[in-house]
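Shown next, in structure tokens, is the structure this report addresses.
Number of protein chains: 2
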Amino acid sequence: MGEPARRLGIRDVAEQTGLSVSTVSRALNGYSDVKLETRRKVEAVAQQLGYRASFAASSLRSKQTKTVTFMVSKPWTKFVDPFFLILLDGVELALQAQGYALQIIMARQYETEFEIIRNSVERGRCDGLLFGRTRPEDERVEWLQARGFPFVTVGRTDKSDHDWVDVDHYKIGYQATERLIRLGHTRIAHLMTPLRYTYSKHALHGYRDALEVHGIGHDPALEIECYVSRKTGADAVTELITRGVGPTAIFCGNDVIALSAMEAMHKFGIRPGPDMALIGCDDVPVAAHVGLGLTTFRQDLDALGMRLGRMMVAKLNGDAGPHQQLIDAELILRGTDLPQTGGRAE
Amino acid sequence: MGEPARRLGIRDVAEQTGLSVSTVSRALNGYSDVKLETRRKVEAVAQQLGYRASFAASSLRSKQTKTVTFMVSKPWTKFVDPFFLILLDGVELALQAQGYALQIIMARQYETEFEIIRNSVERGRCDGLLFGRTRPEDERVEWLQARGFPFVTVGRTDKSDHDWVDVDHYKIGYQATERLIRLGHTRIAHLMTPLRYTYSKHALHGYRDALEVHGIGHDPALEIECYVSRKTGADAVTELITRGVGPTAIFCGNDVIALSAMEAMHKFGIRPGPDMALIGCDDVPVAAHVGLGLTTFRQDLDALGMRLGRMMVAKLNGDAGPHQQLIDAELILRGTDLPQTGGRAE
DNA sequence: CCGTTTTCCAAAAACGTTTTTGAATATGGC
DNA sequence: GCCATATTCAAAAACGTTTTTGGAAAACGG
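Line by line, the protein sequences give chains Z and D. Note that this note's numbering numbers the first sequence so that position 188 is 188, with each residue one more than the last. Note that this note's numbering numbers the second sequence so that position 312 is 658, with each residue one more than the last.
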């Protein structure tokens with residue numbers, strides 16, 4: 001028999017405070033043309049009533065959502081790559097400091113990513129977009145650029161005129177390979193992350209350049225592309241062993257591949273480290289605790305995330321750009337980067 | 347000098363098709379009072395123009411967002427617990443099938459969770475809410491119940507009249523403990539997840555009940571609460587060893603704790619398994635590959651997620667409920683659940 | 001062939017804000 | 001004391017949809 005439970009609206013605050021709706025709105029949104037005393041009263045009443053502006057209404061009228069969407073891709077979430085998660089933390093921090101909210105959305109597969117982006121952008125569900133796993137020719141980037149919608153990517157593309165942050169995978173590939181060469185290795189395999197991603201190519205170039213600089217030619221049989229499920233690091237190791245192409249060291253594109261590779265080595269009775277040097281990338285939590293400790297590269301993801309967030313905010317505030325940031329990874333020496341022994345069985 | 351680039355609106359579709367705005371809306375939303383031929387034409391034009399309804403406008407008018415928010419807590423994202431991530435996959439699948447979108451939002455700490463929920467609900471940013479890490483007395487649950495806002499939790503509270511899905515941690519605790527007792531152990535420690543969470547208490551009860559049923563009293567010195575950073579599983583093991591309370595087996599509330607415990611054991615020269623039986627919970631990806639293989643419990647998270655999603659949809663569709671689902675975990679026997687040897691040094 | 005129902009569409013109201021515009025009052029300079 | 005300006009607020013328009021309401025034309029029943 002009661003009221004039909006209307007939504008608590010700005011009108012209620014206006015009535016309760018004896019002011020007009022417009023004044024209440026301006027008071028709550030921090031405009032300067034409202035007396036301090038009035039603002040106080042409005043805030044008090046709003047607080048007491050528990051009023052908050054309807055998101056739909058305010059974003060319809062003001063044409064901004066004060067929200068940034070980060071799109072994550074499924075393959076990574078499945079195999080629980082900490083990469084994006086830790087990144088998100090920094091992003092959120094940076095956005096929040098400027099009054100923006102972060103909202104995360106999952107994409108089941110690459111084909112749907114584009115659709116998700118279109119939907120988010122065309123329906124006006126966010127003011128800016130963040131995503132990773134960029135490809136050299138990335139249709140998402142092209143579409144967003146054409147529309148002039150604000151976005152920052154984690155990773156580069158072939159186009160250079162958009163905002164991005166990225167880890168210097170070229171340097172990682174170069175440093176890892178050089179480290180292994182210095183340890184006396186000459187037959188160094190590279191278990192690559194999927195080459196469709198730009199960063200995989202960067203790592204590959206670093207790897208090849210390091211070999212070349214030291215007078216070692218690269219051998220296609222030692223370069224194997226790995227995937228999350230189809231062909232894992234273990235599969236690649238099996239391939240290397242059974243084919244007898246005889247590497248004595250392996251540089252893996254990421255730790256998941258390295259971990260998987262280590263597992264296969266155990267099956268073959270090969271000790272990661274002493275029998276087969278190994279360097280990974282990402283420094284996943286278990287890397288330090290597996291076997292002798294996996295030598296790998298650590299990235300300051302918190303910093304990367306913060307930069308990502310700040311770049312987004314800058315763009316949203318009208319800063320033209322393009323802003324681009326390349327950050328270095330740090331080589332974490334542990335137990336698996338051992339010298340070439342030569343005295344191995346076989 | 348061109349047009350000021352107005353947003354593409356439903357009006358444009360109406361003009362292009364020669365119909366009224368209302369008819370276009372009804373056509374696009376699948377109402378039955380529009381001729382098939384007309385609907386086709388509208389859809390074609392909308393498609394061609396690339397029109398999509400403004401989210402703000404449509405949700406303002408229709409009072410629904412067709413969106414469900416899942417709130418994840420930071421501690422878990424930091425330590426990259428795959429738990430919620432895999433869960434999310436199932437949730438998304440179930441929601442999407444019913445035309446709902448899933449949006450994820452991070453909470454930096456528990457204090458902000460409540461604020462985030464209030465903001466999402468009061469500003470009308472979503473139609474339903476999903477979250478985990480429930481506590482026996484959970485203010486989030488109470489507040490949402492009082493407001494009558496649709497939500498489903500992952501985990502139970504002391505109130506029984508709301509929707510939830512949960513893993514039967516009582517049974518896990520009971521089974522793990524019983525397994526260790528059957529192996530001859532009588533001094534069985536329990537490294538607990540934080541007791542503020544309901545599920546930790548369930549596991550503890552299962553542990554204690556199993557002991558009691560087999561005539562073993564529980565020893566407070568063997569029950570140690572572990573946290574993600576402050577007091578880890580390693581710290582707890584150190585405490586157990588240095589205090590000399592002499593357990594021969596440990597049941598850990600989750601695998602992260604177990605992994606950390608194993609690390610400490612190595613420091614003490616204790617072999618997980620032979621010297622100290624160990625059972626974890628969650629079956630994180632590395633569990634199978636660490637040492638002898640960690641014996642643990644696997645939960646069908648995909649199924650749990652799907653149920654969670656379907657429950658949410660049911661609630662959104664007006665199904666009264668309450669719906670509650672308890673799912674069993676499966677004991678995965680690997681290498682660390684070994685019999686009591688008795689012949690250990692000291 | 002007339003009255004009734006069904007089918008299909010359009011006009012207008014409504015959603016809850018923010019922004020624009022304007023106006024009353026207070027303040028300042030001289 | 002008067003004009004110009006600053007301060008503070010209110011009325012009304014606008015945002016882009018969906019929903020409500022109504023009405024014309026078509027189909028139907030007898």
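Glycine included, each C-beta is placed from N, C-alpha and C at the ideal position.
- Closer than 9 Å at the C-beta level to chain D, one finds these residues of the stretch 81 to 108 of chain Z: Asp81, Pro82, Leu85, Ile86, Leu88, Asp89, Glu92, Leu93, Gln96, Ala101, Leu102, Gln103, Ile104, Ile105, Met106, Arg108.
- Interface criterion met: the Cβ of Z/Glu122 is under 9 Å from a Cβ in chain D.
- Distances from the CA of Z/Asp235 to each of Z/Gly246, Z/Gly273, Z/Ser260 were compared; the closest alpha carbon is that of Z/Ser260.
- Spatial neighbours of Z/Arg11 in its own chain (CB-CB distance under 7 Å, excluding positions within 5 residues in sequence) are listed in chain order as Val21.
- Annotated three-state conformation of Z/Ala234 is helix, per DSSP.
- D/Asp683 places its beta carbon less than 9 Å from that of D/Leu529.
- Residue range 413 to 419 is occupied by the beta strand (DSSP E) that includes D/Ser419.
- Listed in chain order, the positions of the stretch 371 to 398 of chain D with a beta carbon within less than 9 Å of a beta carbon of chain Z are Gly396, Tyr397, Arg398.
- Distance between Z/Arg298 and Z/Gly253, taken at the CA atoms: about 13 Å.
- Around the C-beta of Z/Leu102, 16 or more other C-beta atoms lie within 10 Å, and the residue is accordingly described as buried.
- For the 9 Å CB-CB criterion, Z/Thr295 and Z/Gly233 do not form a contact.
- The alpha-carbon of Z/Val256 is positioned some 38 Å away from that of D/Arg554.
- Taken in chain order, the complete alpha helix (DSSP H) segments of 4 or more residues contained in the stretch 248 to 318 of chain Z are 255 to 268, 301 to 316.
- Around the CB of D/Leu654, 16 or more other CB atoms lie within 10 Å, so the residue is classed as buried.
- With 16 or more other Cβ atoms inside 10 Å of its own Cβ, D/His531 counts as buried.
- In the three-state reduction of the DSSP assignment, D/Ala447 falls in the strand class.
- At least one CB atom of chain Z sits nearer than 9 Å to the CB of D/Ser400.
- In this structure, the CA atom of Z/Leu278 is about 31 Å from the CA atom of D/Phe430.
- When the Cα atoms are used, Z/Leu333 and Z/Glu43 turn out to be separated by approximately 56 Å.
- Boundaries of the beta strand (DSSP E) harbouring Z/Gly128: 128 to 131, taken from the DSSP string.
- For D/Val632, the C-beta contacts it makes with chain Z under 7 Å involve Val286, in order along the chain.
- Neighbourhood of D/Val636 in chain Z, by CB distance below 8 Å: Val286, His289, Val290, in chain order.
- The three-state secondary structure of Z/Val245, taken from DSSP, is coil.
- Looking at the backbone, the Cα of D/Ala392 and that of D/Asp646 are separated by about 42 Å.
- Counted as a single uninterrupted DSSP element, the alpha helix (DSSP H) harbouring Z/Ile117 occupies residues 110 to 122.
- Excluding the 5 residues flanking it on each side, D/His551 has same chain C-beta neighbours closer than 8 Å at Tyr516, Gly519, in chain order.
- In this structure Z/Ile188 touches Z/Pro247 by the C-beta definition: roughly 6 Å separates them, less than 8 Å.
- A distance below 6 Å between beta-carbons, with the five flanking residues on each side excluded, links Z/Gly155 to the following residues of its chain, in chain order: Gly132, Thr134, Asp166, Thr198, Tyr199.
- The beta-carbon of D/Ala403 is placed less than 9 Å from the nearest beta-carbon of chain Z.
- For the options D/Gln686, D/Val659, D/Asp665, the alpha carbon positioned closest to that of D/Leu441 is the one of D/Val659.
- Judged by DSSP secondary structure, Z/His323 falls outside any beta strand (DSSP E); it is assigned neither H nor E.
- Bridge partners of Z/Glu225 according to DSSP: Z/Met192.
- Distances from the CA of D/Arg454 to each of Z/Leu93, Z/Thr112, Z/Ile327 were compared; the closest alpha carbon is that of Z/Leu93.
- In this structure, DSSP gives Z/Asp33 a state outside helix and strand, which the three-state scheme calls coil.
- Taking all protein chains in view, the Cβ of Z/His190 is crowded by 16 or more other Cβ atoms within 10 Å, so the residue is classified as buried.
- Between D/Gly474 and D/Phe497, the C-beta gap is smaller than 9 Å, which places the two residues in contact.
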